[in-house]
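Peer 1:
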Amino acid sequence: METKDNQSTHPPMNFSSFAEMQKAVDIVGTSRHPTNKIAATIFGTDKDRRPYSISKTNYWPKPIAEKIGTKTRIGNSSGTVHAETACIMAAPYTQGASLCITDPFCPNCAKNIAEAGIRTIYIDHKGFAKDFAERRGAQFSSMSMQICEKAGISVFEMNRKEKQLRPILEIPETFTPREDSPVEVEQFRTADENTFRILIEEQAGHHKGRKFAVAIAKNRRGDVFGLSARSHPAVGYTMQADLDEIENPEGKYSFMQEPVNRLLMHAPRCGLKICGGLLFCSQVPTSREQVNIVGAGLTSITIRSMSKARDDWAFNAMKQLSKAEILTFYEL
Ligand SMILES: [Zn+2]
2 METKDNQSTH
12 PPMNFSSFAE
22 MQKAVDIVGT
32 SRHPTNKIAA
42 TIFGTDKDRR
52 PYSISKTNYW
62 PKPIAEKIGT
72 KTRIGNSSGT
82 VHAETACIMA
92 APYTQGASLC
102 ITDPFCPNCA
112 KNIAEAGIRT
122 IYIDHKGFAK
132 DFAERRGAQF
142 SSMSMQICEK
152 AGISVFEMNR
162 KEKQLRPILE
172 IPETFTPRED
182 SPVEVEQFRT
192 ADENTFRILI
202 EEQAGHHKGR
212 KFAVAIAKNR
222 RGDVFGLSAR
232 SHPAVGYTMQ
242 ADLDEIENPE
252 GKYSFMQEPV
262 NRLLMHAPRC
272 GLKICGGLLF
282 CSQVPTSREQ
292 VNIVGAGLTS
302 ITIRSMSKAR
312 DDWAFNAMKQ
322 LSKAEILTFY
332 EL
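Set out below in structure tokens:
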């Protein structure tokens with residue numbers, strides 16, 4: 002069975018983090034975002050130990066840009082996929098990978114980075130000087146960094162010109178985060194509707210009324226796996242030990258990681274790709290989850306309770322995306 006080997010690729014060999022950051026800096030100007038232009042590079046080795054490096058800017062997924070446009074929000078979410086999250090969803094295998102980012106990252110990306118098993122982040126020092134950093138400074142230094150500390154992610158500020166790295170947060174390589182409700186991965190024989198239904202019913206019994214998500218995914222050899230997860234605080238947080246922090250988030254962000262986002266980030270952590278038509282959520286996913294589903298290249302999701310969602314924004318997003326024929330919502 003091939004799922005999560007905890008063999009870390011950190012620090013990745015044959016890479017210069019300075020050169021990887023340069024790739025992000027080289028494309029950041031191509032972001033279509035009028036004010037917040039951000040780019041990132043993810044680098045590491047795939048499951049065959051072949052090195053890879055992928056650079057992305059923040060962007061509007063094509064169906065959203067073409068059918069809804071870049072000026073309209075999807076529910077209460079921007080229609081963009083953040084650069085860091087785009088890198089994770091495009092990567093062949095993220096466990097132990099590294100990430101270079103032109104700017105300090107938001108708490109939502111921090112949660113995604115943690116779920117993807119990334120161990121090292123480099124931030125360009127110029128990113129700390131921009132407006133964006135000033136505006137998001139509080140959320141970065143409190144929430145984003147707290148999430149990294151709990152998940153065991155080292156963070157460095159990089160000065161490309163001086164070839165210097167300043168540690169912001171250093172985590173020992175042997176550190177393993179606590180995970181009291183990890184994404185479950187189970188091997189199956191076939192990726193079909195029948196397997197999908199079996200897994201949904203099995204998990205419905207397990208999660209009992211809580212919001213949960215299920216997906217069928219394949220690795221590069223075509224082996225089939227079922228993934229499932231419920232809403233849970235970011236990797237390393239436990240409901241018992243960290244309740245104070247979880248209940249006191251910064252601004253519009255939350256320490257909770259929604260289940261569809263967890264699966265979208267956990268699949269690349271295991272070297273898996275989610276199969277089209279085989280993604281399920283027990284209720285309507287949040288606006289942000291829906292935008293990320295589109296960003297992952299998926300065009301449908303199966304839902305059990307169409308009348309249930311975290312907030313009304315989720316229903317608005319569902320209306321927008323289904324009316325524009327970007328995402329089809331099937332009721333189970
Ligand atoms: Zn972000």
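Using our numbering, you'd call the opening residue of the sequence shown number 2 and step up by one each time.
Ideal Cβ placement from N, Cα and C applies to all residues, glycine included.
Note that the structure is predicted; figures quoted are calculated from it, not measured.
Under 7 Å from any heavy atom of ligand 1, by CB: list those residues in chain order, please.
Peer 2: His83, Glu85, Thr86, Phe106, Cys107, Asn109 and Cys110
Peer 1: What ranges does the alpha helix (DSSP H) occupy inside the stretch 143 to 203, keeping only unbroken runs of at least 4 residues that lie completely in it?
Peer 2: Complete alpha helix (DSSP H) runs here, min 4: 146 to 152.
Peer 1: Based on DSSP bridge pairs, tell me the residues matched to Gln284.
Peer 2: Ser306
Peer 1: With H, G and I counted as helix, E and B as strand and the rest as coil, what does DSSP make of Ala25?
Peer 2: Of the three classes helix, strand and coil, the one that applies to Ala25 here is helix, per DSSP.
Peer 1: Indicate the three-state DSSP secondary structure (helix, strand or coil) for Ser17 in the structure shown.
Peer 2: If DSSP states are grouped into helix, strand and coil, Ser17 belongs with coil.
Peer 1: Can you tell me which residues form a DSSP beta bridge with Lys57?
Peer 2: Ala41
Peer 1: Between which residues of its own chain and Ser301 is the CB-CB distance below 6 Å, once the five residues before and five after are set aside?
Peer 2: The beta carbon of Ser301 sits closer than 6 Å to the beta carbons of Gly278 and Thr329 from its chain, once the five residues preceding and following it are set aside; these are given in chain order.
Peer 1: In whole angstroms, what separates the C-alpha of Ala216 from that of Ile275?
Peer 2: 6 Å
Peer 1: What do you reckon, are the CB atoms on Ala111 and Ser145 nearer than 7 Å?
Peer 2: yes
Peer 1: Just to confirm my understanding: we take Ala315, look at its own chain, exclude 5 residues before and 5 after, and list those with CB closer than 7 Å. What are they?
Peer 2: Gly76, Val285, Pro286, Thr287 and Ser288
Peer 1: Rounded to the nearest angstrom, what separates Ser229 and Lys162 at their Cα positions?
Peer 2: Their Cα atoms are separated by approximately 44 Å.
Peer 1: Tell me Asp125's beta-bridge partners as DSSP assigns them.
Peer 2: Met159
Peer 1: Ignoring anything shorter than 3 residues or poking outside the stretch 216 to 278, list the beta strand (DSSP E) runs there in chain order.
Peer 2: List check, beta strand (DSSP E) in window: 225 to 231.
Peer 1: Measure the CB-CB distance between Ala130 and Ala84 and report whether it falls below 7 Å.
Peer 2: Cβ distance not < 7 Å, so Ala130 and Ala84 don't count as in contact.
Peer 1: What separation, rounded to the nearest whole angstrom, lies between the Cα atoms of Pro183 and Tyr238?
Peer 2: 11 Å
Peer 1: Specify whether the stretch 168 to 175 and the stretch 187 to 196 touch according to this definition: at least 3 beta carbon pairs, one from each stretch, less than 8 Å apart.
Peer 2: no
Peer 1: Among Gln96, Phe106 and Phe141, whose alpha-carbon lies nearest the alpha-carbon of Arg120?
Peer 2: Gln96
Peer 1: Measure the C-alpha to C-alpha separation of Thr46 and Cys88 and round it to an integer number of angstroms.
Peer 2: 14 Å
Peer 1: Ordered along the chain, which non-local residues of its own chain (more than five positions away) have a Cβ less than 6 Å from that of Ser9?
Peer 2: In this prediction, Ser9 scores a pLDDT of 45, lower than 50, which makes its location untrustworthy; the coordinate-derived value is nonetheless stated afterwards. Once the five neighbours on either side are set aside, the close Cβ partners of Ser9 are Gly97.
Peer 1: Leaving out five residues before and five after Lys320 in sequence, what residues of the same chain have Cβ atoms less than 8 Å from its Cβ?
Peer 2: none
Peer 1: Since Cys149 and Ala25 are thought to touch, with beta carbons under 8 Å apart, how far apart are those beta carbons, to the nearest angstrom?
Peer 2: Going by Cβ atoms, the distance from Cys149 to Ala25 rounds to 19 Å, so no, they are not a contact pair.
Peer 1: Since Cys101 is in the alpha helix (DSSP H), which residue starts that stretch and which ends it?
Peer 2: From DSSP, Cys101 is part of no alpha helix (DSSP H) but of the beta strand (DSSP E) over Ser99 to Ile102.
Peer 1: Since I believe Gln204 is in contact with Phe213 (beta carbons under 8 Å), could you give me their beta-carbon distance rounded to a whole number of angstroms?
Peer 2: 6 Å
Peer 1: Would you report the Cα separation of Val295 and Asp193, rounded to the nearest angstrom?
Peer 2: 21 Å
Peer 1: Would you list the residues sitting across from Thr73 in a DSSP beta bridge?
Peer 2: None, per the DSSP bridge assignment.
Peer 1: Please state the DSSP three-state secondary structure of Trp314.
Peer 2: helix
Peer 1: What number of angstroms, rounded off, separates the C-alpha of Pro234 from the C-alpha of Thr303?
Peer 2: 24 Å
Peer 1: I need the DSSP call for Ala66, collapsed to helix, strand or coil.
Peer 2: The answer is helix: DSSP assigns Ala66 an H, G or I state.
Peer 1: Could you say if the stretch 247 to 256 and the stretch 67 to 75 meet the contact criterion of at least three C-beta pairs nearer than 8 Å?
Peer 2: no
Peer 1: Nearest by alpha-carbon distance to Glu202: which of Thr31, Gly227, Asp243 and Arg50 is it?
Peer 2: Of all alpha-carbon atoms in Thr31, Gly227, Asp243 and Arg50, the one lying nearest the alpha-carbon of Glu202 is that of Gly227.
Peer 1: Just verifying my parser: in three-state terms, what is the DSSP assignment at Ala130?
Peer 2: Three-state result, Ala130: coil.
Peer 1: Just to confirm the assignment, what range does the beta strand (DSSP E) spanning Thr329 have?
Peer 2: Thr329 to Glu332
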